[in-house]
Every structure is written in C-alpha cells, then in structure tokens.
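Take a look at the structure set out below.
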Amino acid sequence: MAKTGTTAWESVIADIAQQLLCQRTATAHHQEWASLSAALPASTPEAECEQVFARRLAETMVCLKIVGQTLASEPHVPLLWDWLCRTSRPPFRQLFQATSPFRNGRTLLSRSLATACDDHQLAALGDSLGFQEVASLATADRIVQSYESLLHRQNRRRRGKYGVYYTPRSVTSHIVRSTHRILQQDYGLTDGLADSQTWREWHQRQGSMPAMAATQGDSRFVSLLDPALGTGAFFVEVVRQVNDYLLGVWNAAGVPGESQMLRWQNFVEQDLLPHLHGWEIILPAAALAHLALACQLADTGFDFQTNQGTEISWRNSLAFPNSYEDRRFTVILGNPPYSARSQNTDDWITKLLHGRDREQPTHSYFEVAGEPLAERKVWLHDDYVKFLRLAQWLMERSEAGLVALITNRGFLDNVTFRGVRYQLMQSFNRIAIVDLHGGRKAHETTPTGESDENVFDIEQGVAISFLQRNQLAPSVGHLDLWGQRTHKEQCLGTCSLEDLDLQPLTPVAPDFEWIPSKGSVCHEYDMGIKLTDLMPIHTTAPVTARDGFVIAFTQRELVDRLEQFADLSIPDERIREQFFSTNRSRQYPPGDTRSWKLAAARRRMAEQTNLEQHVRACWYRPFDRRQIFWA
3 MAKTGTTAWE SVIADIAQQL LCQRTATAHH QEWASLSAAL PASTPEAECE QVFARRLAET
63 MVCLKIVGQT LASEPHVPLL WDWLCRTSRP PFRQLFQATS PFRNGRTLLS RSLATACDDH
123 QLAALGDSLG FQEVASLATA DRIVQSYESL LHRQNRRRRG KYGVYYTPRS VTSHIVRSTH
183 RILQQDYGLT DGLADSQTWR EWHQRQGSMP AMAATQGDSR FVSLLDPALG TGAFFVEVVR
243 QVNDYLLGVW NAAGVPGESQ MLRWQNFVEQ DLLPHLHGWE IILPAAALAH LALACQLADT
303 GFDFQTNQGT EISWRNSLAF PNSYEDRRFT VILGNPPYSA RSQNTDDWIT KLLHGRDREQ
363 PTHSYFEVAG EPLAERKVWL HDDYVKFLRL AQWLMERSEA GLVALITNRG FLDNVTFRGV
423 RYQLMQSFNR IAIVDLHGGR KAHETTPTGE SDENVFDIEQ GVAISFLQRN QLAPSVGHLD
483 LWGQRTHKEQ CLGTCSLEDL DLQPLTPVAP DFEWIPSKGS VCHEYDMGIK LTDLMPIHTT
543 APVTARDGFV IAFTQRELVD RLEQFADLSI PDERIREQFF STNRSRQYPP GDTRSWKLAA
603 ARRRMAEQTN LEQHVRACWY RPFDRRQIFW A
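Just so we're aligned, residue 3 is where the sequence shown starts under our numbering, counting upward by one.
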C-alpha cells in the first residue's frame, strides 16, 4: 500500500536525520558537523540541539531539493544557485551546496540526502504534498507559497504553532507601497525605499539627531528588517517595487537601457542587499526565502556576479540580538506570528514586556502612565505583542523610522491591551491603522449585517499598523475595511495608505482605544458607576474548566459523582461517556486536554480516603450557592 504524502514525508525526514546523526562522527564529516552546529541560534535549548537540528536540516534539504527540481529548467537558476552556494552564511551555504541540481557533492549533507532517498522519490513526495498547486504562480511567489502549502498538507499543528500563513500579495504590496510613499512624504527621502541618503546627509537635511548622525555617519539611512521573514514574501515585494520605481525614474530621465541595467546591478550590490535584513526561526522557511529573493532578483535581470550575499539570518528574533547590537533599522515590516500560547518564552523579551531591558527600566506593557494594570489575568504574551515590543525597542534605538506590520487586531480595543496602546503612543508620534476585521471568533459582520471575511485563513481578525517615529505633529488615524476577501484584496492591491480616507482619532484615558468611539453611547456608559468602585474588594473566580463535573447543587450529588469517578472498576470509556461526552479538542479523547488526562486524574482521586472533606460551598454566580470539589 502506497504511503500518503504525510507518512512519506515523515519517513523520508526521519531517514535523512538518522543518516546525519550516524555519519556526523566520521572523521571526514566531523568538521562539517561542527561548522553546521555553530550556526544554531543561541537560544536553542541544549537538550534539543543534535536531534532537532538533524531533523531541521533534513526538512530544509528536502524542501530545497523539491523546489530545485521544479526550477532546474529555468535559464537563470544555475547562476543564482551558484551565487547562493558562494555567498550565503552557514548553514545555508552548506544546504544549497548539498541540494544543488547542478553539482554532485560528497559532503555530510549531500551523502545523507542521497542515501535516504533519490530524485524520483522526492518528485513524487512534492506532488503528494501539493507543490504542484502553486506551480502557476510567478517563480518567486511560487517559492514563497510552497512552504505553507507543504505544512497545510503535512503538519497543520506546526503551521499553527509557528504562525506559518502565506501573506497574500495584495497585503504585502500595500504595506511595501505605503512604506515607500511614507518615506517620501514624511521623511524627506525622495526615492523612498530606494533612497541612498546616509545618516549624515539625512541629518543635515532634517536638522535633527546629531548623536545618531555621528554614530551612524555614512551608513545608509534606509535599513530594512523583517523580523518574521517566513519565506520572504515582503522581500520579494520590496525588490519588485523598488525595481519598478527606479526603472520609471531612469526612463523619465532618458537613461539608456544598458546603463539602467548597470545602475541596477550597482544598486542591488551596494544599497539593497546589505540593507535588507531578515530574521527567521524556521530553518526551511529561511532557506526558501533566500531562493525566493534570488529568483525575484533574477526576474529583474540581476546577473549575480557579486560576492555580496543576503542578510538573512536563522535566529530567534525575540532573543536578545547580540550580534545586531550596533545595527540601526529604520524600516521594520512584516507579518509576525499570532499565537496566544507563545512558543517564544525567552527571558529577554518577557522582561522587556514588563519594562526591564537588561535590568534598565523601559516601557512596560503592563502599566499605563506609571500605574500597573489592575487586572489579575492579562493576556499580553501573544507572539504578535512580543514582536510589536521588539519593533518598538529597535525603533527607539534608531530614534527615527517606520514600523509597518499586519497583526491580530485584538490590541486595538481590548481593555487589557491599553498598556500596549499607551506605550506605543509614547514612542510613535504618527499612528495609522487599516482595520481589516474578519474575526471569525468574534462573529464580525459588516455595518450592514453582511458577511465579513478575513484576508487570511485564520480565525482572528487582523489589522495593518503604520507606526512613525519622526518630528511631525502627532496623529492617530483609523480606517475600517469591511466585506468579502476579494474586495479587501482588490482595495489593498491597488492603493497605498495615502489613498485611504482615515478617520482621525483622539485616544483618551483610561483605555486609549485605537478604534472610533461610540459617541454619545460611550459618554452615557462612562457616566455609570464602575464595578470596581461599587465592589472595591474583588477577585477573579477560580477556573475549573470542568464546571459540569466538579460543581453541583448539593453535597450528596457531588460526592456520588466523585465516588464513581474514583471507582477504578468502572472503565474510563464509561466515565467519559457519562461525564465528558463532548470533545474539547480533536487531538484528545473526550475530557482530556494537553495538561489533564482522565486516567491519571482518576488514579489520583482513588487515593483519597475522604472525598467529603474536599467539598466546599461556593457562590457559583450572584445569589447562586452551590457545592464545589476543592482539592
């Protein structure tokens, strides 16, 4: 029986990883493995290093090999692949060398790949995992979308865990186009993203920031960072739009075609590649971003006759950026992951959220005007909030620049995010929000009651934030974009921020909301008595997550229930059917969750000798007195 795409993928990855681990100690490969291991992000847990690293290398090689097979017939691919082999940083250099369609390697990586599978197996694997579904796209876009297509088929859990969702081109084009125009209009950069002004030149024209001009001197002012690069969708769009803009300028100036190409070569080598920085924690995605960027450069006629490589790094953006401490980024854009159960628990970013930067006080998202948030439970550890804080920290170090991110829209008006909004307003004087809504969880509909769709295949509504740090007058603007996905994409794909009619806002205490107020209704609401004033002594209620089981109207009813649960002669299946008839997650049997297993809980309860002593009276709701199992 033929293996499914997912099963075949797991088998191939496991085989390659095993080959890597078996051969790494051989004399011929010991140095190569040491070199590869040195490229591991500093924040990688030591216990995960070798096994997980081998698997990540295997996944990356398979992705590159499959994509390389689909590109091999393109005339520019030999040149760009050779360029990636020559100029990429470890481990990308070794990965491109091992997976090149145009050379046979004898390295640890190439031998492990060849031993575990052949080209025919990889081609079949690519077909089964949906790579052919994106074959009709332009080359760079095909590569950008390929990894999401793979995870959609192969590992949806990992896709959700790391927020790997393809950013529609309409969104990337709008953000890049708007960024370009904002730099032209509000920062005095005539050529926007293509402007070559240095910090010193920019300072002389702006008459500001002498300290930064002195330290950065002749460095190019426009230095761009995508801190959640993914497969490089924003980089592809930057190259596309900058090339279109410069060709338009040169054509208008009557520059001959041959001279235009020479100018473009010099611009890419000197002004674009050294100042296009990408950070990505997922190794296969980062490798594909190299390839997508190279393919887009090839489409512009770039000849790859340079030793200047990309500035793409495999790293955890939310760990302290030691190697980038002297860098100053003036444009930060991208689509950071959204995950309420954040996988990024690095100590530095966690302290930064709470107002500590290497033991120095700084902006705290848990405070407003120096006063801590009163709520006991504050959900500020979502990944996108951490990326907002990172962008704020980086921009304060640069003292000028622009942040343009598409994120979960929850921070715009959620009351526990008022500290986020307040602190961002301390760092950015101009704020513009394009609110795309589309929240399935919130059951959002248009003002006329029609269906409102998301531009992503996710449940959270989203918004684009443009945050400026400059010397212009402070302002906050907001635009609602409602309706079907096609309508939103058409609007974003054809306009920039300046074309949209934003509504001016005046965020005020205590919540500093970044959405239009409800007017008289809001004023009437504010005239009421606050619950915290009415009940100054208050707390949050215990969350049992199983009210229907551990809470009852009488002590006898609850004890009978507990005794059945503790009776191990009754099968688990019967207990599930009687007390936990519905699944909370398709990943687990009814009643179970990631941190709670019915069988283990029954064994613990069976050890109790007197269940009645754990039953307490409680106010379940106002004027609703019941009994609760409290142990």
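We treat Cβ as the ideally placed atom computed from N, Cα and C, and that holds for glycine.
Since the structure is predicted, the reported quantities are computational estimates derived from the model, not experimental observations.
Restricting attention to alpha helix (DSSP H) runs no shorter than 4 residues, the stretch 518-586 encloses them at 522-528, 533-536, 549-552, 557-568 and 574-581, ordered along the chain. R623 sits in a strand when the DSSP states are folded into three classes. Fewer than three Cβ pairs drawn from the stretch 200-208 and the stretch 242-261 lie within less than 8 Å of each other, which leaves the two stretches out of contact.
Contact check for Q21 against A118 passes: the beta carbons are separated by less than 8 Å.
With contacts defined by Cβ atoms closer than 8 Å, F582 and P592 form a contacting pair. Residues of the same chain with a CB within less than 8 Å of the CB of L195, apart from the 5 flanking positions on each side, are V178, T181, H182, L185, V224, L226, V240, Q243, V244, Y247 and V333 in chain order. If the five residues before and after D415 are omitted, its C-beta is found closer than 8 Å to the C-beta atoms of D513, E515, W516 and I517, all from its own chain and listed in chain order. Cβ atoms of L111 and M63 come within 8 Å of each other, at about 6 Å.
Looking at the DSSP output, A406 bridges to L335 and F468. In terms of CA proximity to F458, R411 leads the group R411, C497 and R432. Apart from the 5 residues on each side of it in sequence, S102 sits with its Cβ closer than 6 Å to the Cβ of W83 in its chain, given in chain order. In the structure shown, the three-state DSSP call for P286 is helix. The Cβ atoms of N337 and T109 do not sit closer than 8 Å to each other. Setting aside the 5 residues that flank it on each side, P93 is surrounded in the same chain by L38 and A41, each with a C-beta closer than 6 Å to its C-beta; the list follows chain order. Taking L504 as the centre and dropping the five residues before and after it, the same chain places the C-beta of A434, G479, H480 and L481 closer than 7 Å to its C-beta, in chain order.
Distance from the CA of P258 to the CA of L426, rounded to the nearest whole angstrom, comes to 47 Å. According to the DSSP assignment, P363 belongs to the beta strand (DSSP E) that extends over Q362 to S366. By alpha-carbon distance to Y622, the top candidate from T542, A633 and L354 is T542. In this structure, the straight-line span from the alpha carbon of A44 to that of L66 is close to 24 Å. Taking 8 Å as the cut-off, the beta carbon of A287 is found no closer than this to the beta carbon of L335. Taken through DSSP and simplified to helix, strand or coil, F631 comes out as strand.
Look at the stretch 234-289 and you find these whole runs of alpha helix (DSSP H), each 4 residues long or longer: 235-254 and 259-269. Three or more beta-carbon pairs separated by less than 8 Å are not found between the stretch 139-148 and the stretch 455-469, which leaves the two stretches without contact. Counting only residues of its own chain and dropping the five nearest sequence neighbours on each side, A74 has a CB closer than 6 Å to the CB of P103. In chain order, T89 and S90 place their CB closer than 6 Å to the CB of G311, counting only its own chain and leaving out the 5 sequence neighbours on each side. DSSP places R179 in the helix class (H, G or I) of the three-state scheme. If you check the CB distance, E282 and L231 come in under 8 Å.
Sequence-distant Cβ neighbours of R605 in its own chain, meaning closer than 8 Å and more than five residues away, are L570. Taken in chain order, the unbroken stretches of alpha helix (DSSP H) that lie wholly in the stretch 41-119 and span 4 residues or more are 51-73, 79-89, 94-101 and 110-118.
Annotated three-state conformation of V436 is strand, per DSSP. The straight-line gap separating the alpha-carbon atoms of R442 and S453 is approximately 10 Å. Straight-line measurement puts the Cα of F237 at about 18 Å from the Cα of F389.
Burial state of N318 is buried, judged by a 10 Å Cβ sphere holding 16 or more other Cβ atoms. DSSP places Q505 inside the beta strand (DSSP E), whose first and last residues are Q505 to L507.
DSSP places V478 inside the beta strand (DSSP E), whose first and last residues are S477 to D482.
When R222, R360, Q218 and E575 are compared, the shortest CA-CA separation from P276 is found for R222.
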